[in-house]
Structure formats: structure tokens, C-alpha cells
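K.L.:
First the structure, which I've put down as C-alpha cells, then a few questions once you've had a look.
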Amino acid sequence: MQTKPLHEINLPLKIVIGRRVVDLTGEYCKHLFSGNKMLVLTGPHVYGIAGKKVIESLEDAGLLTHYVLVKGSTLRDVEAVREVIREVKPSALIAVGGGKVIDVAKYSSFLEGLPFVSVPTSASHDGIASPVASIKDEKRRGSFFTRPPALVIADVAIISNAPQRLIASGCGDVIAKLTAVRDARLARLIKGEYVGDYALSLALLSARMVLSKAELIAKRSEEGIRTLIEALISCGVAMAIAGSSRPCSGSEHLFSHALDIIAPTPALHGEQVGVGTIMMSYLHGIKWLKVRNFLKKVGAPTNAKELGIDDHYIVKALTIAHKIRRRYTILGESGLTWRAAEELARTTEVIS
Ligand SMILES: [Zn+2]
Numbered sequence: 004m005q006t007k008p009l010h011e012i013n014l015p016l017k018i019v020i021g022r023r024v025v026d027l028t029g030e031y032c033k034h035l036f037s038g039n040k041m042l043v044l045t046g047p048h049v050y051g052i053a054g055k056k057v058i059e060s061l062e063d064a065g066l067l068t069h070y071v072l073v074k075g076s077t078l079r080d081v082e083a084v085r086e087v088i089r090e091v092k093p094s095a096l097i098a099v100g101g102g103k104v105i106d107v108a109k110y111s112s113f114l115e116g117l118p119f120v121s122v123p124t125s126a127s128h129d130g131i132a133s134p135v136a137s138i139k140d141e142k143r144r145g146s147f148f149t150r151p152p153a154l155v156i157a158d159v160a161i162i163s164n165a166p167q168r169l170i171a172s173g174c175g176d177v178i179a180k181l182t183a184v185r186d187a188r189l190a191r192l193i194k195g196e197y198v199g200d201y202a203l204s205l206a207l208l209s210a211r212m213v214l215s216k217a218e219l220i221a222k223r224s225e226e227g228i229r230t231l232i233e234a235l236i237s238c239g240v241a242m243a244i245a246g247s248s249r250p251c252s253g254s255e256h257l258f259s260h261a262l263d264i265i266a267p268t269p270a271l272h273g274e275q276v277g278v279g280t281i282m283m284s285y286l287h288g289i290k291w292l293k294v295r296n297f298l299k300k301v302g303a304p305t306n307a308k309e310l311g312i313d314d315h316y317i318v319k320a321l322t323i324a325h326k327i328r329r330r331y332t333i334l335g336e337s338g339l340t341w342r343a344a345e346e347l348a349r350t351t352e353v354i355s
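Read in order, the letters of the sequence shown correspond to residues 4 to 355 in the working numbering.
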């Protein structure tokens, strides 16, 4: 196995989880960052849910606050935010919202050398505390390895009130670590790729934690939602330790990225990844029924119909997944044939 001569790890400075913690954003920012100017990025919908509260909290703490509404997560959105950063010259960038807002803040703050704060309004993916930003250019979505947020403020009250579909999607993104970690181990064995055991164990631990709390998550109990949030944050930390998304993204993610490209109406990231995990578990020879039962329990899709995607695209995505990025997985270098893909999807009852 290869090792890196120098391995630098950037981690969040502080992670705050609790009810109504958004109201403390101002105090935390005041103590963590020098300077008194903050720039808030939020979305048109989440402004009323959490954006406004964060801005009030910053102003109450005596911080001068500007805000920008972000609609998409394209390179153009990133460039627009970079221009505002250069104009306003804030001490930190604060992202209040779901995936898109956090992705844009993560990448633009990284390029401008600014610390960033993540205030997620849902628990639908592991980008909450990860160093990886998913940004779209004209054609497709790309992943950029940046830096994790300096501060994470996860308000359990706000996240619990997000639509059930988003919580179920978050569960799909965490359970994916069962196959992602196996893919990483395979790449280490077959390709000699460097990947540290600590990061892999941490990612796997997150999946096991949510598996053990499936009922509580399904009931949306405080304990269940906290477990999901902590699992998603731990996955982000695992990526920060690994120095790549490797511990958290394997063949099940390649399948989801393929669907994003070819399906006319893709489902949510975690939903697609969850269904991918069922099929990749089968290929890895691990208990795919356990994965399916978990997803069913938390109300996540387990087949093409529930994803709202035609069977044809599921099979097609399986056959092209290995070409999406240079990452060795159980799909190998030549991928699945149409027949093998169809059989896999049928055996795991993803298609009928
Ligand atoms: Zn993911």
C-alpha cells in the first residue's frame, strides 16, 4: 500500500448541535473570527426558515451583516459570490440552507481564502461538514476538494421540521458508507491506492449508528435526528481525515452520478445513493436485504418506481457508472454488461 509523505488534515474548529442554536450564531462567530463583517448566503425559501434568524443573531452580536440569496450551485453562482466577497471583505462566509447554498459557500470561500460557517437547514446529505463541494458547470456536476467549515451550527429544531423526504435522503447517504468503505478497501488491495483505516472506520461507524437507530429516525425523535446529524457530520470529518471523498463515496455514488446525467428527472442524491447501496451490497456479497429494510423503515425509496425513474435508466446507469470518474470500485474497470446490470437490478428488486 502507498502512503503519503505529507498528509495535511483540516478539521472544523467547532461543531454545535442543539435546539435553537441558530440564535447563537452571532456569539459563536464573534468569538471565533476577528473583524466585525459577516456575509450570509441563503436561499429564497430558507431565508424565512433560518436565514433571517441567523442575520438577527449576527446583528445582535454587533456584527455588520450583508446577505446574498443563492439560487443555484453552478460555477457562475460561485463567481457571483466571489465578487461580493471581494467587495464586502467579510471575516467569514455563513451558509444557511441546504446542499446548494452550502456547496457555493464552501467553494467560493475556499477560493477567496475565507473561513466558512455551515448552518444546515436539513439533514439530507453529508456535505454539511465535509470539505467536498459539488458544483455544476455547463454540462455536469463536479466535486472539488476544499476545506471543511470552521464552524457548524446544526439546529435540531429546524432540521427536524424539514420534509421527511430530506431526512430519508440523509439516511441513504449515510448507509452508502457500507459499500463505499468496501470499495475503498478493494481499491487498496487491487490498486494499492492510499486510504487510511481511521477514516474508513469512522465512515463505517456512522452507517452502523444510523442502522441501530432506524426506528428512532423514522419516528423523528430527538435522539434519532441527532444521530443522523452526527453521522452526517462524522462522514464529513472522515473525508477531511482521508483527504478525499473516498471513505464516503464508492460505486453506489457512481451509480447516482450516472443517473443525474441520464435520467430525465433524477431523484434526490441520498435517495439514489440508497438504492445504489442495495445493489452494490449484493455485488460485495454483504446483506443487501438489511440495507433495503433499513431504507424502507426510514421511508426512503428502495426501487425504480419509488425513485420515479424508469427501469431503463437504472440499467443504463449501472452500465456506465464505472466511467463517471477514475475511482476503482466493485464495478471494476470495464463495468457491468447490460445483461449483468439488468440481472442485478432485478435480483435486488430495484426493477421489476
Ligand atoms: Zn453522498
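The beta-carbon is built from N, C-alpha and C at its ideal position, and this holds for glycine as well.
Short of 6 Å in beta carbon distance, which residues of its chain neighbour ASP140, apart from the five on each side in sequence? Order them along the chain.
P.N.:
Once the five neighbours on either side are set aside, the close Cβ partners of ASP140 are LEU78.
K.L.:
From TYR50 to SER111, what does the alpha carbon distance come to, in whole angstroms?
P.N.:
Spanning the two alpha carbons is a distance of roughly 20 Å.
K.L.:
Are the CB atoms of PHE36 and PRO134 nearer to each other than 8 Å?
P.N.:
Contact: no.
K.L.:
At a cut-off of 7 Å, would you count ASP26 as near ligand 1, judging by its Cβ distance to the nearest heavy atom?
P.N.:
Incorrect: ASP26 has no Cβ contact closer than 7 Å to ligand 1.
K.L.:
For THR332 and ALA261, what's the separation of their Cα atoms in angstroms?
P.N.:
Distance between the alpha carbons of THR332 and ALA261 is about 14 Å.
K.L.:
Do you know whose CA, among GLY130, ARG168, ILE156 and LEU61, lies nearest ARG150's CA?
P.N.:
With distances taken between Cα atoms, ARG150 lies closest to GLY130.
K.L.:
Compute every distance between the C-beta of SER420 and the non-hydrogen atoms of ligand 1, then say whether any falls below 7 Å.
P.N.:
Since the first and last residues shown for the chain are 4 and 355, residue 420 lies out of range.
K.L.:
Check whether the stretch 160–171 and the stretch 305–323 touch, using three or more Cβ-Cβ pairs below 8 Å as the test.
P.N.:
Segments in contact, no.
K.L.:
Taking the alpha carbon of LEU203 as the point to measure from, which residue in GLY100, THR182, LEU219 and ARG223 has its own alpha carbon closest?
P.N.:
Ranking the options by Cα distance to LEU203, first place goes to THR182.
K.L.:
Note down, in chain order, each residue of its chain lying with its Cβ closer than 6 Å to the Cβ of VAL87, except the 5 sequence neighbours on either side.
P.N.:
The residues are VAL71.
K.L.:
What do you reckon, is the C-beta of ASP263 under 7 Å from a heavy atom of ligand 1?
P.N.:
ASP263: no, Cβ never under 7 Å from ligand 1.
K.L.:
Measuring alpha carbon to alpha carbon, tell me which of SER284, ILE232, HIS128 and VAL104 ends up nearest LEU255.
P.N.:
Rather than Leu, the amino acid found at residue 255 in this sequence is Glu. Taking only the C-alpha atoms, the option nearest GLU255 is SER284.
K.L.:
Where does the unbroken beta strand (DSSP E) through VAL71 begin, and where does it stop?
P.N.:
Unbroken beta strand (DSSP E) run through VAL71: 67–72.
K.L.:
Using only the alpha-carbon positions, how far apart do ILE323 and LEU286 sit?
P.N.:
Cα to Cα, ILE323 sits roughly 16 Å from LEU286.
K.L.:
Spatial neighbours of ILE3 within its chain, please: CB distance less than 6 Å, with the 5 preceding and 5 following residues excluded, ordered by chain position.
P.N.:
Shown here, the chain extends from 4 to 355; a query on residue 3 therefore has no answer.
K.L.:
On a CA-only basis, which of THR280, ALA126 and THR68 is nearest ILE236? Give me that one, please.
P.N.:
The shortest C-alpha separation from ILE236 is found at ALA126.
K.L.:
Is the separation between the beta-carbon of GLY21 and that of VAL122 shorter than 8 Å?
P.N.:
No, they are not a contact pair.
K.L.:
Pairs of beta-carbons, one from the stretch 212–229 and one from the stretch 194–201, closer than 8 Å: are there three or more?
P.N.:
Verdict: no, contact absent.
K.L.:
Anything with a beta carbon under 7 Å from a heavy atom of ligand 3 counts; list them all in chain order.
P.N.:
Judged by which ligands are present, ligand 3 is missing from the structure shown, whose ligands are ligand 1.
K.L.:
Which two residues bound the contiguous alpha helix (DSSP H) that contains ARG144?
P.N.:
No alpha helix (DSSP H) contains ARG144, which is instead part of the beta strand (DSSP E) from 144–148.
K.L.:
Give the straight-line distance between the Cα atoms of ILE244 and GLU11, rounded to the nearest whole angstrom.
P.N.:
ILE244 and GLU11: Cα-Cα distance of roughly 8 Å.
K.L.:
Where does ALA303 sit, in a helix, a strand or coil, going by DSSP?
P.N.:
ALA303: coil per DSSP, three-state reduction.
K.L.:
Identify every residue that forms a DSSP beta bridge with VAL84.
P.N.:
None, per the DSSP bridge assignment.
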